[in-house]
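J.: Take this structure, written in structure tokens, and hold onto it; I'll ask about it next.
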Amino acid sequence: MDRRADLHKRERRRYVIGYGGSLLLTLAVFLIAHRYGIETKGVYLSIGLLGLAQLVVQLVYFLHIDRRRSSREDLDLILFSTLVLLIIIGGTVWILGNLAIRMHLQMM
Numbered sequence: 004m005d006r007r008a009d010l011h012k013r014e015r016r017r018y019v020i021g022y023g024g025s026l027l028l029t030l031a032v033f034l035i036a037h038r039y040g041i042e043t044k045g046v047y048l049s050i051g052l053l054g055l056a057q058l059v060v061q062l063v064y065f066l067h068i069d070r071r072r073s074s075r076e077d078l079d080l081i082l083f084s085t086l087v088l089l090i091i092i093g094g095t096v097w098i099l100g101n102l103a104i105r106m107h108l109q110m111m
């Protein structure tokens with residue numbers, strides 16, 4: 004029973020660290036956006052980088068995706084799903100951009 008309690012304590016500590024990290028990253032994004040506004044490119048870059056850090060915290064502390072062999076299949080699944088979503092989003096933006104260009108050329 005001592006080993007089980009130790010595992011439970013370690014798991015709870017991981018969740019608390021993950022929650023704290025996620026909360027700090029979220030607050031950092033809000034503070035940057037509030038302090039500097041949303042008009043500058045540096046703000047967009049910092050929000051993007053903090054968003055990537057948030058993604059890493061979520062994957063490591065909540066989904067338990069790390070470099071061990073047992074969780075590599077989960078990481079492969081996540082990366083493949085991300086690739087499919089990026090293809091769908093990129094294709095949609097490409098098609099809508101092409102449509103917008105064609106519509107504006109006809110109006111001139």
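When we follow this note's numbering, the leftmost residue of the sequence shown carries the number 4, and every step to the right adds one. Glycine included, C-beta positions come from ideal geometry on N, C-alpha and C. The model shown is predicted, which means the values in this text are computed figures rather than measured ones.
(1) Could you please give the first and the last residue of the uninterrupted alpha helix (DSSP H) stretch that includes V46?
(2) Looking at G40: is its Cβ nearer than 8 Å to the Cβ of V46?
(3) What span of residues does the alpha helix (DSSP H) with L66 cover, start to end?
(4) According to DSSP, is G100 helix, strand or coil?
(5) Applying the 10 Å Cβ sphere with the 16-neighbour rule, what's the burial state of Y64?
(6) What is the DSSP secondary structure of I41, reduced to helix, strand or coil?
(7) Closer than 6 Å by C-beta to L62: which residues in its own chain qualify, once you throw out the five before and the five after it? Chain order, please.
T.: Concretely, from the data shown:
(1) Position 43 of the sequence shown, counting from 1, holds the residue named residue 46. Element bounds for V46: 44 to 60.
(2) Within the sequence shown, residue 40 is the residue found at index 37, counting from 1. Within the sequence shown, residue 46 is the residue found at index 43, counting from 1. Against a cut-off of 8 Å, the Cβ pair of V46 and G40 comes out as a contact.
(3) On the sequence shown, residue 66 is found 63 positions in, with the first residue counted as 1. Where L66 is concerned, there is no enclosing alpha helix (DSSP H), given that its DSSP letter is neither H nor E.
(4) Numbered from its first residue, the sequence shown carries residue 100 at position 97. Helix.
(5) Here residue 64 refers to the residue found at position 61 of the sequence shown. Classification for Y64: buried.
(6) Taking the sequence shown and counting its residues from 1, the one referred to as residue 41 is at position 38. Coil, per DSSP.
(7) The residue labelled residue 62 in the question sits at position 59 within the sequence shown. The answer, listed in chain order, is I68.
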